[in-house]
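**Student:** In full-length UniProt numbering, the protein residues as written are 1 to 49. Just so you know, even glycine gets a beta-carbon here, dropped at the ideal spot from N, CA and C. Bear in mind that the values here come from a model prediction, so they are computed numbers and not experimental data.
(1) Since residue 47 and residue 8 are thought to touch, with beta carbons under 8 Å apart, how far apart are those beta carbons, to the nearest angstrom?
(2) Using DSSP with H/G/I as helix, E/B as strand and the rest coil, what is residue 4?
(3) With the cut-off set at 7 Å, would you say residue 31 and residue 3 are in Cβ contact?
(4) If contacts are defined as beta-carbon pairs under 8 Å, then residue 6 and residue 28 qualify, I think. What distance do you get, rounded to the angstrom?
Okay, here's the thing in structure tokens:
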């Protein structure tokens with residue numbers, strides 16, 4: 001099993017106004033791989049980064 005270059009485990013981001021941008025986001029990007037974060041406007045891409 002190779003090591004992950006990026007690991008995200010159960011990340012939740014909620015703004016002060018109560019809007020939840022991310023809920024229990026979990027994933028791994030293996031070392032040496034390429035990943036893309038895509039989605040519609042307002043889906044939480046920038047918040048995640």
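**Tutor:** Walking through what the data contain:
(1) One-based indexing of the chain shown puts residue 47 at position 47. One-based indexing of the chain shown puts residue 8 at position 8. Not a contact, Cβ separation roughly 12 Å.
(2) The sequence position of residue 4 within the chain shown is 4, counting from 1. DSSP places residue 4 in strand when its eight states are reduced to three.
(3) Your numbering for residue 31 matches position 31 in the chain shown. Your numbering for residue 3 matches position 3 in the chain shown. Cβ atoms of residue 31 and residue 3: closer than 7 Å.
(4) As a working note, residue 6 is residue 6 in the chain shown. As a working note, residue 28 is residue 28 in the chain shown. Taking a contact as a CB-CB distance under 8 Å, the pair residue 6 and residue 28 counts as one, their CB atoms being some 7 Å apart.
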